[in-house]
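>
In the numbering used here, the protein residues as written are 1258 to 1494.
1) How far does the beta strand (DSSP E) with residue 1423 in it extend, from its first residue to its last?
2) Short check: CB of residue 1388 to CB of residue 1355, under 8 Å?
3) Once DSSP output is grouped into helix, strand and coil, what is the label at residue 1338?
4) In the DSSP assignment, find the beta strand (DSSP E) that holds residue 1405 and state where it starts and stops.
5) For residue 1235, name the three-state secondary structure that DSSP assigns.
6) When you compare only the Cα positions, how much space is there between residue 1414 and residue 1319?
7) Name the two residues that bound the continuous beta strand (DSSP E) containing residue 1272.
8) Let me make sure I understand the geometry here. Which of 1303, 1486, 1272, 1394 has the alpha-carbon closest to that of residue 1336?
9) List, from N- to C-terminal side, the alpha helix (DSSP H) runs of 4 residues or more that fit wholly inside the segment 1284–1343.
10) Could you spell out where the beta strand (DSSP E) holding residue 1438 opens and where it closes?
11) Between the beta-carbon of residue 1442 and the beta-carbon of residue 1457, is there less than 8 Å?
12) Once DSSP output is grouped into helix, strand and coil, what is the label at residue 1390?
13) For chain C, check one thing: does any of its Cβ atoms lie closer than 8 Å to the Cβ of residue 1331?
14) Is residue 1356 helix, strand or coil by DSSP?
15) Could you check the C-alpha separation between residue 1361 and residue 1418 for me, to the nearest Å?
Below, the structure is given as structure tokens:
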């Protein structure tokens, strides 16, 4: 395989549903918080693992619009952990030349977490090496609802509405759609992740919890993606 052919088998955009933190902790008789802490540590490592392999965009599902139903203690802990992650990731991203985006209902986050998100995006907005897209207070249906609201607010006319227009009004509509979406923990569903963008994404489900994710798993994902034949609705023959 030529270097050009090999390059074409590497996904431009990978989505990760980082699932299994709580089950990882329970199976080890540890507090739930320990699972989230271990998951956070892996999230810090993941961008470099993927970007050094040639991936240009990594979208991670950090906290969904449905996760607010968890216990107050758990949600409060997660918010503190996410704020720490975003502040640290902004520094790391700026040092390594990649951009941080936050997709979701950022303004509805508690305390000064929205400010941390906006600061991370502003600090890294000129970086072009790669993009880390953190999906936070995010839901695929909420994203589409918010896009419709913005279109109505901007007086978009009926005849102006098409797929490209809707994509423009998504949280970060200029990002390419995920080429492959990976969910850890063995669960086989998207749980609202990138609903609009995932129409032709390859799906991969890994039977390991997110805290157990390792650098070699990136190679497993890339190998699986290279094996797939993407037809985008074309001839199956």
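Glycine residues also receive a C-beta, built at the ideal position from the N, C-alpha and C atoms.
Reading from the atomic positions:
1) Careful: residue 1423 lies outside any beta strand (DSSP E), inside the alpha helix (DSSP H) at 1420–1425.
2) Yes, the pair counts as a contact, with Cβ atoms nearer than the cut-off.
3) It is helical.
4) DSSP places residue 1405 outside any beta strand (DSSP E); the residue lies instead in the alpha helix (DSSP H), whose first and last residues are 1397–1410.
5) Examination of residue 1235 is not possible in this model, given that the chain is present from 1258 through 1494 alone.
6) Rounded to the nearest whole angstrom, the C-alpha separation of residue 1414 and residue 1319 is 35 Å.
7) Boundaries of the beta strand (DSSP E) around residue 1272: 1270–1274.
8) The residue with the shortest Cα to Cα distance from residue 1336 is 1394.
9) Counting whole runs of 4 or more residues, the segment 1284–1343 contains the alpha helix (DSSP H) stretches 1289–1308.
10) Unbroken beta strand (DSSP E) run through residue 1438: 1437–1440.
11) The Cβ-Cβ distance between residue 1442 and residue 1457 does not fall below 8 Å.
12) The answer is strand: DSSP assigns residue 1390 an E or B state.
13) Absence of chain C from the displayed structure is noted, only one protein chain being present.
14) Here residue 1356 sits in strand by DSSP.
15) Rounded to the nearest angstrom, the two C-alpha atoms are 22 Å apart.
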